[in-house]
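This report refers to the structure that appears directly beneath it.
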Amino acid sequence: MQQKKQHITLRPLFAGKARRSSAVAGVMMGALVVVISGCKKLIEVPVPPTETTPTTVFTSDANATSAVIGIYGDMISSKGFASGNSRSITFLGALSADELQNYSSLTAPREFYENSLNSNNSVVENQLWDEGYHYIYAANLLLEGLEKSQGVSAETKAQLKGEALFIRAFCHFYLVNLFGDIPYLEVTDYTKNITSYRQLRTTVYDHITADLVEAQSLLPDNAERVRPNKWAATAFLARVYLYAGKWEAAATQAGKVINNTSTYQLEESLDKVFLIKSNEAIFQLLSNSAGVNTWEGKNFILTRAPATGETNSSVLSSSLLNAFENGDQRRSSWVDSITVGTAGKYFFPYKYKIKSDTAISEASMVLRLAEQYLVRAEARVHLGELDGAKEDVNLIRRRAGLPGTTANNEPDLLSAIAHERQVELFTEWGHRWLDLKRTGQANKILNNEKGPGWQPMDTLYPIPQNELRLNKNLTQNQGYN
């Protein structure tokens, strides 16, 4: 599909796909100079032929705030990227790793499960690459609008700028981990974005870090959990530093969140971890779909045998089930099963307990405290602080009803931490998929799990072919056409 150069919602780097009017469009209507009809698709909003960048004018705190809230609404209402639904990073990452067994006969999920993606896979293009850059575009549009607007108070402007920087860093983080080197986009100017080059992963991490550090300084120090605050930026920064191998910085940032005990504590009951405003929650996304608490619950919980279509088409893999130690309460609390006649017993993720209910009591977890303990534990091992690392790991293990780890040296402790991440963070935000790649274990483990079809190139998803056609400065990942 050819890019339409004179439309306000031209999204950088990818061909403009027709999208139905979304939460972003709905709440930003009053903020944009042009009037957007609620029934129009985002791609159909025209701007003057001489303009390459849309103009956004925020006239008050209220309509500026509604714009950023709309981005979160778009994230959670989609089937892809951040939603937890059947085309999200959570689901597709679990298929790519060793967490789920696929029953779908559809091409897109089967290619993720078999690690046999091609560069024309529609889900790779539409729900990962396109959608990730769509939110980045929205964040950049918000940043540019705030810079120009005179009707927004200084306090609100600072907070919204911090949230936009967080969103931009957040989306780039997942894109760089899924696709490798990528362009880091900081403007909405089509003429600049459409010719962007892929930047080295280390350079992308530098940009992400800079955005999060600035966001930290702008976001409020409060107990908000359904919009990013200072602590969400700090927690995400800790993860970024860990992935970048900056151990001291990772330990320091995670420690700041852990030490904020007035706001964050590990829930004693595993059944309370994923509730709205759980004490463990640092950042959650609230559903805006009737009858849906979370798309994770809707898609993972089985009431019959796994389907062959797109939803309710997977079960937990035997390798994940076998990873739980005897007595691990995460196995009994966060895993459930259904027995279907003579077909057998199917196990599924049960972190979210509600498949469908109009009463909302659960929210999709984006960042939580347990991960911060595991981030700090891993960083401490690399810093030679083995006793401190064991303390962090053991807090997570004791909450799960397990004794302390017996690991006493660096290799054993790193292995113990990897194990805890596997059974603590399973089917959340592709943690397992990203962990296997960043620790160099993907080839060893997935070659055994996925059989002869696995290849080292499979650790990166392909750059969509449509993007390569549109931007001649982009290059394909090794091994893909």
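The UniProt record's numbering applies: residue 1 is where the sequence shown begins, and numbers increase by one.
Every residue gets a Cβ at the ideal spot worked out from N, C-alpha and C, and that includes glycine.
> Name the DSSP beta bridge partners of residue 97, please?
Replying inline: Indexing the sequence shown from 1 puts residue 97 at position 97. The partner list for residue 97 (beta bridge, DSSP) is empty, contrary to what the question assumes.
> Around the C-beta of residue 440, are 16 or more other C-beta atoms found within 10 angstroms, so that it is buried, or is it exposed?
Replying inline: Within the sequence shown, residue 440 is the residue found at index 440, counting from 1. Under this definition residue 440 is an exposed residue.
> Roughly how far, in whole angstroms, is the beta-carbon of residue 409 from the beta-carbon of residue 86, given that I think they are within contact range, below 8 Å?
Replying inline: In the sequence shown, the residue the question calls residue 409 occupies position 409. In the sequence shown, the residue the question calls residue 86 occupies position 86. That pair is no contact at about 42 Å.
> With contact counted as at least three CB pairs below 8 Å, one residue from each stretch, are the stretch 65–73 and the stretch 396–405 in contact?
Replying inline: no
> Run through DSSP, which three-state label would residue 74 get?
Replying inline: Sequence index remark: in the sequence shown, residue 74 carries index 74 (1-based). Reduced to three states, the DSSP call for residue 74 is helix.
>> According to DSSP, residue 441 sits in a beta bridge with which residue or residues?
In response: Within the sequence shown, residue 441 is the residue found at index 441, counting from 1. DSSP lists no partner for residue 441.
> For the alpha helix (DSSP H) that contains residue 138, what are its first and last residues?
Replying inline: Taking the sequence shown and counting its residues from 1, one reaches residue 138 at position 138. Residue 138 -> alpha helix (DSSP H) spans 131–148.
>> Given this structure, state the Cα-to-Cα distance separating residue 467 from residue 113, to the nearest angstrom.
In response: Here residue 467 refers to the residue found at position 467 when the sequence shown is read from its first residue. Here residue 113 refers to the residue found at position 113 when the sequence shown is read from its first residue. Distance between the alpha carbons of residue 467 and residue 113 is about 24 Å.
> Just how far apart, CA to CA, sit residue 163 and residue 339?
Replying inline: As a first step, residue 163 must be located in the sequence shown, where it is residue number 163. As a first step, residue 339 must be located in the sequence shown, where it is residue number 339. Straight-line Cα distance between these residues: approximately 45 Å.
> What residues are listed by DSSP as bridge partners for residue 345?
Replying inline: Locating residue 345 in the sequence shown gives position 345, where the first residue counts as 1. According to DSSP, which records beta bridges pairwise, residue 345 is partnered with 339.
> Candidates 425, 111, 190, 169: which alpha carbon is nearest residue 470's?
Replying inline: If you number the sequence shown from 1, residue 470 lands on position 470. Residue 190 is the option with its Cα nearest to residue 470.
>> Using a Cβ-Cβ cutoff of less than 6 Å, which residues in the same chain neighbour residue 229 once the five nearest sequence positions on both sides are dropped?
In response: Residue 229 sits at position 229 when you count from the first residue of the sequence shown. So the qualifying residues of the chain are 219, 220, 222.
> What number of angstroms, rounded off, separates the C-alpha of residue 374 from the C-alpha of residue 151?
Replying inline: Mapped onto the sequence shown, residue 374 falls at position 374. Mapped onto the sequence shown, residue 151 falls at position 151. Taking the straight line joining both Cα atoms gives about 43 Å.
> What did DSSP end up calling residue 467 once you bin it into helix, strand or coil?
Replying inline: Position 467 of the sequence shown, counted from the first residue, corresponds to residue 467. Here residue 467 sits in helix by DSSP.
>> If the criterion is Cβ atoms closer than 8 Å, does the pair residue 257 and residue 231 meet it?
In response: Taking the first residue of the sequence shown as position 1, residue 257 is located at position 257. Taking the first residue of the sequence shown as position 1, residue 231 is located at position 231. Yes, Cβ-Cβ distance for residue 257 and residue 231 is below 8 Å.
> Using 8 Å as the threshold, is the stretch 90–104 in touch with the stretch 424–441, meaning 3 or more CB pairs across them?
Replying inline: yes
> What's the call for residue 429, buried or exposed, on a 16-neighbour Cβ count within 10 Å?
Replying inline: Here residue 429 refers to the residue found at position 429 of the sequence shown. Under this definition residue 429 is a buried residue.
> Per DSSP, which one or two residues make a beta bridge with residue 362?
Replying inline: Working through the sequence shown from its first residue, we reach residue 362 at position 362. Beta-bridge pairing links residue 362 to 275.
>> Between the alpha carbons of residue 447 and residue 102, how many angstroms are there, rounded?
In response: Residue numbering aside, residue 447 sits at position 447 when the sequence shown is read from its first letter. Residue numbering aside, residue 102 sits at position 102 when the sequence shown is read from its first letter. Each residue's alpha carbon lies about 17 Å from the other.
> Counting pairs of beta carbons, one from the stretch 280–298 and one from the stretch 73–83, are three or more of them closer than 8 Å?
Replying inline: yes
> Smallest Cα separation from residue 172: which of 155, 133, 334?
Replying inline: Within the sequence shown, numbered from 1, the residue matching residue 172 stands at position 172. Minimum Cα distance to residue 172 is reached at 133.
> Using 8 Å as the Cβ pair cut-off and three pairs as the minimum, do the stretch 357–368 and the stretch 261–280 touch?
Replying inline: yes
> Is it true that the CB of residue 244 sits closer than 8 Å to the CB of residue 197?
Replying inline: Residue numbering aside, residue 197 sits at position 197 when the sequence shown is read from its first letter. Residue numbering aside, residue 244 sits at position 244 when the sequence shown is read from its first letter. In this structure, residue 244 does not lie closer than 8 Å to residue 197 by Cβ.
> Are residue 58 and residue 149 closer than 8 Å when you measure CB to CB?
Replying inline: Here the question's residue 58 lines up with position 58 in the sequence shown. Here the question's residue 149 lines up with position 149 in the sequence shown. Result yes, Cβ atoms of residue 58 and residue 149 sit closer than 8 Å.
> Going by DSSP, which residues form a beta bridge with residue 194?
Replying inline: Numbered from 1 along the sequence shown, position 194 holds the residue referred to as residue 194. BP columns for residue 194 are empty, so no partner.
> Buried or exposed: residue 359, going by 16 or more other Cβ atoms within 10 Å of its Cβ?
Replying inline: As a position in the sequence shown, residue 359 is number 359, starting the count at 1. Exposed.
> Distance, Cα to Cα, residue 342 vs residue 183?
Replying inline: Within the sequence shown, numbered from 1, the residue matching residue 342 stands at position 342. Within the sequence shown, numbered from 1, the residue matching residue 183 stands at position 183. Answer to the nearest angstrom: the Cα atoms are 51 Å apart.
> Which partner residues of residue 170 appear in the DSSP bridge assignment?
Replying inline: Residue numbering aside, residue 170 sits at position 170 when the sequence shown is read from its first letter. Residue 170 is not bridged to any residue.
>> Assuming contact is defined by CB atoms lying nearer than 8 Å, are residue 212 and residue 237 in contact in what I supplied?
In response: Taking the first residue of the sequence shown as 1, we reach residue 212 at position 212. Taking the first residue of the sequence shown as 1, we reach residue 237 at position 237. Yes, Cβ-Cβ distance for residue 212 and residue 237 is below 8 Å.
>> Taking 8 Å as the threshold (C-beta atoms), are residue 309 and residue 355 in contact?
In response: Your numbering for residue 355 matches position 355 in the sequence shown. Your numbering for residue 309 matches position 309 in the sequence shown. Taking 8 Å as the Cβ cut-off, residue 355 and residue 309 do not qualify as a contacting pair.
> If you count every other CB in all the chains shown that lies within 10 Å of the CB of residue 464, and 16 or more means buried, which is it?
Replying inline: Along the sequence shown, read from residue 1 onward, the residue named residue 464 stands at position 464. When all chains shown are included, residue 464 counts as buried.
> For residue 281, does the three-state DSSP call read helix, strand or coil?
Replying inline: Your numbering for residue 281 matches position 281 in the sequence shown. Note: residue 281 maps to strand in three-state DSSP.
> My guess is that residue 175 and residue 160 are in contact by the Cβ rule of under 8 Å, so how many angstroms apart are they, rounded?
Replying inline: Translated into the one-based positions of the sequence shown, residue 175 becomes position 175. Translated into the one-based positions of the sequence shown, residue 160 becomes position 160. Going by Cβ atoms, the distance from residue 175 to residue 160 rounds to 23 Å, so no, they are not a contact pair.
> DSSP on residue 483, reduced to helix/strand/coil?
Replying inline: This structure cannot settle anything about residue 483, because the visible part of the chain is limited to 1 through 481.
> Apart from the five residues on each side of it in sequence, which residues of its chain come closer than 7 Å, Cβ to Cβ, to residue 333?
Replying inline: In the sequence shown, counting from the first residue as 1, residue 333 sits at position 333. Once the five neighbours on either side are set aside, the close Cβ partners of residue 333 are 270, 271.
> Count the other CB atoms within 10 Å of the CB of residue 255; is the residue buried (16 or more) or exposed (fewer)?
Replying inline: By one-based count along the sequence shown, residue 255 stands at place 255. Burial call: buried.
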